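Remarks on the structure that follows.
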Amino acid sequence: MIGGRDLTANVRQNRIAELKELGRTCRGDILKMTTVANSGHPGGSMSSIDLFLTVFSMANISAETPDNPSRDRVVISHGHTSPGVYSAMARLGFFSTEEVITGFRHSGSVFEGHVTRGIPGIEWTTGNLGQGLSVGVGMAIASKLTKKDYRVFVLMSDAEQAKGQVAEARRTAAKFGLNNLIVVIDDNNAQISGRARDIMPVNIRENYISDGWEVVEVDGHDYAHLVDSLELCLHKQDKPVAIIAKTIMGKGVSFMENDVAYHGKPLSPDDCRKALSELGVEDDLDYFINARKRMKPKRSVSKIVQEYPAPDTGSPLVYPADKAVDNRSAFGRALADIGKRNREKVPMAVIDCDLKPSTKLEDFEHECPESFFQIGVQEHNAAALSGALSSCGVLTFFADFGVFGIDETYNQQRLNDINHANLKVAVTHSGLDVGEDGKTHHCIDYIGVMRNLYGFKLLIPSDPNQTDQMVRYMAATPGNFMLVMGRSKIKPLERAEGGLFFGEDYVFEYGKIDHIRRGNDLTIVTHGQVTSAVVEAADELRDEHNLSVSVLAVPCPLDLELCDFRDLLKGKVLVIEDHNSNSGLASIIAMEMISDQILPEA
């Protein structure tokens, strides 16, 4: 079966011959683009190119309709082999070979040094080794939840098998019976510092078998063997499959083969010409070198096509002022309500890392057990697969403690941001509010960390009523969100004149600052869990010391609009926050005041 079609023996033989010829041509493309760019990874690209060509030829994807929602997904985990990926896809018609060779790694091109989502056929931006299998697991789960029944292929290196996240993803795939997942590993026993088996021995075959996978070993440069093995794997119905392909670094050029120096070292123009001659490929190197010189730096934007669910978010639950409720419980109830409303309408997934009693996911699990995924103590894997899930038309929530969902998984969230995922992260136990647990569990840098990410929207609710509305807002709004909550119970906020501040007449607006108390002697700016204590203090200052205090609660500190409060901020201003003061709200307020020329009056 190639391209989703059963082939006769004669057609199959011709196709294998075509793939072999394409492999020779693509090796020339790899060498040209890395030499023209004077950077890149030719060695691993040449060991993987036969795998790329075989998978892209046999997967149910089309250069004419690369965004078909029912297409197979191909994830490249070892993203540094982009020269091989780009050359294979260009020769298969996804984009122009000339554009790739000329523009590879150029600031005026979309063809970055590591594979980039938005280029036709590229499903996920990768490069940080060890994350691709988690991404594939997320996409394979999405295939089942959306009932589109596509397959997911993940191509990986042997070196990254040493990473712990790969083991986490292996176990997860087996646990959830992902028989639609096929992994192809380039086992060339070579990485940048030497032989993979010397740098860190890994029992690749045994690890996959022991975790419940089917394992097939093949010659990674024998197209007939590759096609037969992959076709066999496509018909496996009971478990995920790993194909371990024995390959040779730099395959096809005698002086490059098995030389780890060419992991990330391009050939000089003279050596490139020798290699092209050995491959029997046209030497048009000068043409591409000159074409590159004519390129101008520009902002190149890849087009990402993504499905966004449209859930029924229902009506907010309103908590009365006389009863203390923790924000995390309000989150859990709102999430369960959304799940119940959309059970038969919108595919949904909630990811837990063995914290469901604390993150309040038990109500959702009870309402929608088929959409609840227990990943265990595997935060890195959970964060990565959640992002991938969310990119496939599944409304995805990932709940965790702040120190795990933000601090520990920062790089995974960074890649979710880079990939323009649609992930809804909800973290609890943030700030010093978990004081009894000790400093290892004090997430007091959540604003500072999230400021580093360009696409995430940060939501910090002041009470359970605002929490409920934020959960419904983020569920209905495309994009990545981070909802940050504390642990303790707090009473819903009231207005000075009485009545709930975030009551039935309140509608959450992203970026809007909440003016909870009004006064002229002092302005206190705060956020989140400590807001109730700040309001209590302001009321005490008013009642016992005759001080008129304004309280501004900032639920969206990454998108401030201070102009409406210019007069207040010219007076005495105090920032109170449960956060590292070097990177929290205080630093943002100071920066914005200077930027807007809001300066204290003498």
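The opening residue of the sequence shown carries number 18 in this note's numbering; numbering runs sequentially from there.
Cβ coordinates follow ideal geometry from the N, Cα and C atoms, glycine included.
Values in this document were obtained by computation on a predicted structure and should not be read as measured data.
Who are the Cβ neighbours of residue 5 in its own chain at under 6 Å, not counting the five residues just before and after it?
Nothing can be reported for residue 5, as the shown portion of the chain is limited to 18 through 619.
Residue 484 and residue 624 - do their beta-carbons sit closer together than 9 Å?
Because the chain here runs from 18 to 619, residue 624 falls outside it and cannot be looked at.
CA-CA distance, residue 355 and residue 538?
43 Å
Enumerate, from N- to C-terminal direction, the unbroken beta strand (DSSP E) stretches of 3 or more residues contained entirely within the segment 532 to 562.
539 to 543
For the beta strand (DSSP E) containing residue 11, list its first residue and its last residue.
As shown, the chain starts at 18 and ends at 619. That puts residue 11 outside it, with no answer to give.
Can we say the segment 255 to 266 touches the segment 181 to 199, given the rule of at least three CB pairs closer than 8 Å?
Here the segment 255 to 266 makes contact with the segment 181 to 199; the two share three or more CB pairs at distances below 8 Å.
Taking 8 Å as the threshold, find out whether the segment 136 to 147 comes into contact with the segment 444 to 461 through three or more Cβ pairs.
no
May I ask you to report which of helix, strand or coil DSSP gives residue 498?
strand
My understanding is that residue 120 touches residue 128, with C-beta atoms under 8 Å, so please give their C-beta distance in whole angstroms.
5 Å
At which residues does the beta strand (DSSP E) containing residue 514 begin and terminate?
Note, residue 514: premise wrong, no beta strand (DSSP E); not H, not E.
Quick one: Cα of residue 608 to Cα of residue 615, how far?
10 Å
Can you list, in chain order, the residues of its chain with a C-beta nearer than 8 Å to that of residue 28? Leave out the 5 residues immediately preceding and following it.
none
Environment of residue 273 [buried if 16+ CB atoms lie within 10 Å]:
It is buried - the Cβ of residue 273 has at least 16 other Cβ atoms within 10 Å.
Can you tell me whether residue 561 is buried or exposed, with buried defined as 16 or more other CB within 10 angstroms of its CB?
exposed
Here's the rule: buried if 16 or more other CB atoms are within 10 angstroms of the residue's CB, otherwise exposed. What is residue 59?
Answer is buried; the Cβ neighbour count reaches 16.
CB contact flag (residue 123, residue 54, <9 Å):
yes
Would you kindly work out how many angstroms separate the C-alpha atoms of residue 262 and residue 275, rounded to a whole number?
Straight through space, the alpha carbons of residue 275 and residue 262 are spaced by roughly 15 Å.
Grouping DSSP H, G and I as helix and E and B as strand, with all else coil, what is residue 445?
Correct three-state label for residue 445: strand.
May I ask which residues mark the beginning and end of the beta strand (DSSP E) holding residue 154?
Run containing residue 154: none in the beta strand (DSSP E); it sits in the alpha helix (DSSP H), 149 to 162.
Kindly examine the ligand MN and report whether one of its heavy atoms sits closer than 8 Å to the Cβ of residue 605.
Although the ligand MN was asked about, the structure shown includes no ligands whatsoever.
Are the beta-carbon atoms of residue 208 and residue 280 separated by less than 9 Å?
Going by C-beta atoms, residue 208 is nearer than 9 Å to residue 280.
Residue 208 by DSSP, collapsed to three states: which one?
strand
Per the DSSP calculation, residue 236 is bridged to which residue(s)?
263
Where do the ends of the alpha helix (DSSP H) carrying residue 474 lie?
First-last for residue 474: 474 to 476, but that is the beta strand (DSSP E), not the alpha helix (DSSP H).
Distance between residue 551 and residue 542 (C-alpha atoms, nearest Å):
9 Å
Given 8 Å, three or more beta-carbon pairs between the segment 460 to 471 and the segment 586 to 602:
yes
For residue 606, collect the residues of the same chain with a Cβ closer than 7 Å to its Cβ; drop the 5 residues on either side in sequence, then sort them by chain order.
For residue 606, same chain residues with a beta-carbon under 7 Å away, outside a window of 5 residues either side, are 542, 592 in chain order.
Does the beta-carbon of residue 25 have 16 or more other beta-carbons within 10 angstroms, so that it is buried, or is it exposed?
Residue 25 should be labelled exposed.
Other residues of its chain near residue 322: CB distance less than 6 Å, five sequence neighbours each side excluded
Excluding five sequence positions before and after residue 322, the CB atoms of its chain that fall closer than 6 Å to its own CB belong to 84, given in chain order.
Using only alpha-carbon positions, find the residue among 617, 411, 459 that is nearest to residue 328.
411
DSSP three-state call for residue 367: helix, strand or coil?
DSSP places residue 367 in strand when its eight states are reduced to three.
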